[in-house]
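*Asks:* Once you've had a glance at the structure underneath, I'll fire off some questions.
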Amino acid sequence: MTTPIITGLLSYGMSGRIFHAPFLTTNAGFKFKAVVERNQKKAGARYPDVMSYNSVDELLADEEIELVVVNTPNDTHFDFAIKALSAGKHVLLEKPAAATTVEVKIMYDLAHKVNRHLMLYQNRRWDSGFLLVKEVIESGRLGQIEEVYFRMDRFKRALSPKVFKETASTPANGLVYDLGAHLIDNAIALFGRPLGFTKTTGIYREGSEVPDYFNYHLSYPNQLNVYLTSGLLIAEVLPGFVVHGTEGSFVKERCDMQETQLDGGMLPTDEGYGVEPEGSEGKLVLMDMDNKRTTEMLKAPKGYYNGLFDAVYHTIRNNALYPITEEHIAWQIELLEA
Numbered sequence: 002m003t004t005p006i007i008t009g010l011l012s013y014g015m016s017g018r019i020f021h022a023p024f025l026t027t028n029a030g031f032k033f034k035a036v037v038e039r040n041q042k043k044a045g046a047r048y049p050d051v052m053s054y055n056s057v058d059e060l061l062a063d064e065e066i067e068l069v070v071v072n073t074p075n076d077t078h079f080d081f082a083i084k085a086l087s088a089g090k091h092v093l094l095e096k097p098a099a100a101t102t103v104e105v106k107i108m109y110d111l112a113h114k115v116n117r118h119l120m121l122y123q124n125r126r127w128d129s130g131f132l133l134v135k136e137v138i139e140s141g142r143l144g145q146i147e148e149v150y151f152r153m154d155r156f157k158r159a160l161s162p163k164v165f166k167e168t169a170s171t172p173a174n175g176l177v178y179d180l181g182a183h184l185i186d187n188a189i190a191l192f193g194r195p196l197g198f199t200k201t202t203g204i205y206r207e208g209s210e211v212p213d214y215f216n217y218h219l220s221y222p223n224q225l226n227v228y229l230t231s232g233l234l235i236a237e238v239l240p241g242f243v244v245h246g247t248e249g250s251f252v253k254e255r256c257d258m259q260e261t262q263l264d265g266g267m268l269p270t271d272e273g274y275g276v277e278p279e280g281s282e283g284k285l286v287l288m289d290m291d292n293k294r295t296t297e298m299l300k301a302p303k304g305y306y307n308g309l310f311d312a313v314y315h316t317i318r319n320n321a322l323y324p325i326t327e328e329h330i331a332w333q334i335e336l337l338e339a
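Start counting the sequence shown at 2; every next residue gets the next number (my numbering).
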């Protein structure tokens, strides 16, 4: 990574502060040049060498910037991605990519036309728990996989103070587009496009206009059933990963530490970054032909969001295939907008 990618960030809210700036400043493949801050100028306190533009148009006019991170509210993703691609920039786009599959096709068609890369930020592929689940499934130790449950549970009774997140008329909002994008991507990363699916949503918080609960049942070949669930009124958090196969089962709580560590000021280069605490191991239960049960506790690998940024670098500099493909995103949005 001898030629850093000059990068601009469209927002320095929670997403910019936690999920992007720490990597753009510690990963040798990137140079964090500029950020858009319309009101309060906060980025300079931590990154004094970073320019602060007052508008997206000002940042896009900066000819030195090669890559633009679109990490603005969901309903602006499509418009800002189009503007950035039209300005000749590569784009790293926060999930969800857009509200509809039509918008996704328009974005990718434009990216191909202007010969720029459009890449989706699906960081949960590099969560410690997901990395371990992937290892267990791909090891074949569970035999033929029969049933999978992925969950992301919360208990947040109060509505978000950000009104646009709670307004039904605002595109791409509600829990489905928020956490659903992560869970669906996890399923697609492991199993590909489902043969079919059913989708259930609910609105339970007082005064809410947008779904705060969902369940997807994805049907795959060989009778594989995958269930994706999330709710904002789940007081007793259930295991985030459950996998049943013909030879055994695997159960794991969601214990990825990266968001908490980054929010607390830890850098991705610090010792202990991405390491789950003791006691958070996953349980692998195997049954032999005589129904003899053996149990193993498996420690998760380090969470590694830098894996996504490394992939972005190699896609732009070496024209490598970005792991979250255009087809993956088209399938995801098809399920989200259904």
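All residues carry an ideal CB built from backbone N, CA and C; glycine is no exception. Computed from a prediction, not measured in an experiment: that's the story for all the values here.
DSSP on S16, reduced to helix/strand/coil?
*Replies:* The answer is helix: DSSP assigns S16 an H, G or I state.
*Asks:* For A44, count neighbouring C-beta atoms within 10 Å of its own C-beta (all shown protein chains included) and say buried if the count is 16 or more, exposed if not.
*Replies:* A44 comes out buried.
*Asks:* Return the Cβ separation of A188 and L143 in integer angstroms, given the expectation that the two are a contact with Cβ distance under 8 Å.
*Replies:* Actually they are not in contact, since the Cβ atoms of A188 and L143 sit about 16 Å apart, beyond 8 Å.
*Asks:* Could you have a look at D35 and say whether DSSP puts it in helix, strand or coil?
*Replies:* Per the sequence presented here, residue 35 reads as Ala, with Asp not at that position. Looking at A35 - three-state DSSP - the assignment turns out to be strand.
*Asks:* Using CA atoms only, rank isn't needed, just tell me which of A312, N307, N320 and H315 is closest to P23.
*Replies:* The residue with the shortest Cα to Cα distance from P23 is N307.
*Asks:* Taking P278 as the reference, give the member of S129, A98 and E65 with the closest Cα.
*Replies:* Ranking the options by Cα distance to P278, first place goes to S129.
*Asks:* Using only alpha-carbon positions, find the residue among R47, H183, E210 and K42 that is nearest to Y54.
*Replies:* The shortest Cα separation from Y54 among R47, H183, E210 and K42 belongs to K42.
*Asks:* Which residues in the same chain as L132 place their Cβ atom closer than 6 Å to its Cβ, once the five residues preceding and following it in sequence are excluded?
*Replies:* Excluding positions up to five away in sequence, the list reads P302.
*Asks:* Give the straight-line distance between the Cα atoms of N28 and A182, rounded to the nearest whole angstrom.
*Replies:* Spanning the two alpha carbons is a distance of roughly 26 Å.
*Asks:* By how many angstroms is the C-alpha of K300 removed from the C-alpha of S250?
*Replies:* Going by the C-alpha atoms only, they are around 16 Å apart.
*Asks:* Around the Cβ of D213, are there at least 16 other Cβ atoms within 10 angstroms (buried) or fewer (exposed)?
*Replies:* Result: buried.
*Asks:* So the candidates are A169, V51 and V244; which of them puts its Cα closest to the Cα of Q145?
*Replies:* Residue V244 is the option with its Cα nearest to Q145.
*Asks:* Check the DSSP bridge columns for I325 and list the partner residues they point to.
*Replies:* In the DSSP output, where bridge partners are listed per residue, I325 has none listed.
*Asks:* Taking the alpha carbon of N209 as the reference point, which residue from A159, L119 and V177 has its own alpha carbon closest?
*Replies:* First, the amino acid is wrong: residue 209 is Ser here, not Asn. Per the Cα distances, A159.
*Asks:* How would you call R126, buried or exposed, if buried means at least 16 neighbouring beta carbons within 10 angstroms?
*Replies:* Buried, by the Cβ-count rule.
*Asks:* Note down, one range per segment and in chain order, each alpha helix (DSSP H) of at least 4 residues found wholly within the stretch 90-165.
*Replies:* Segments of the alpha helix (DSSP H) lying fully in the stretch 90-165: 102-115 and 129-140.
*Asks:* According to DSSP, is E297 part of a helix, a strand, or is it coil?
*Replies:* Three-state result, E297: strand.
*Asks:* On the CB-based measure, 16 or more other CB atoms within 10 Å of its CB, does E272 come out buried or exposed?
*Replies:* Exposed is the call here.
*Asks:* Between which two residues does the alpha helix (DSSP H) harbouring G308 extend?
*Replies:* Its alpha helix (DSSP H) spans residues N307 to N319.
*Asks:* Taking E364 as the reference, which of P172, L233 and I7 has the closest Cα?
*Replies:* Here the chain covers residues 2 to 339 and nothing more, so residue 364 does not appear.
*Asks:* What's the call for E65, buried or exposed, on a 16-neighbour Cβ count within 10 Å?
*Replies:* With fewer than 16 other Cβ atoms within 10 Å, it is exposed.
*Asks:* Run the CB neighbour count on F151, radius 10 Å, all protein chains shown included, and call it buried at 16 or more, exposed below.
*Replies:* The residue in question, F151, is buried, as its Cβ has 16 or more Cβ neighbours within 10 Å.
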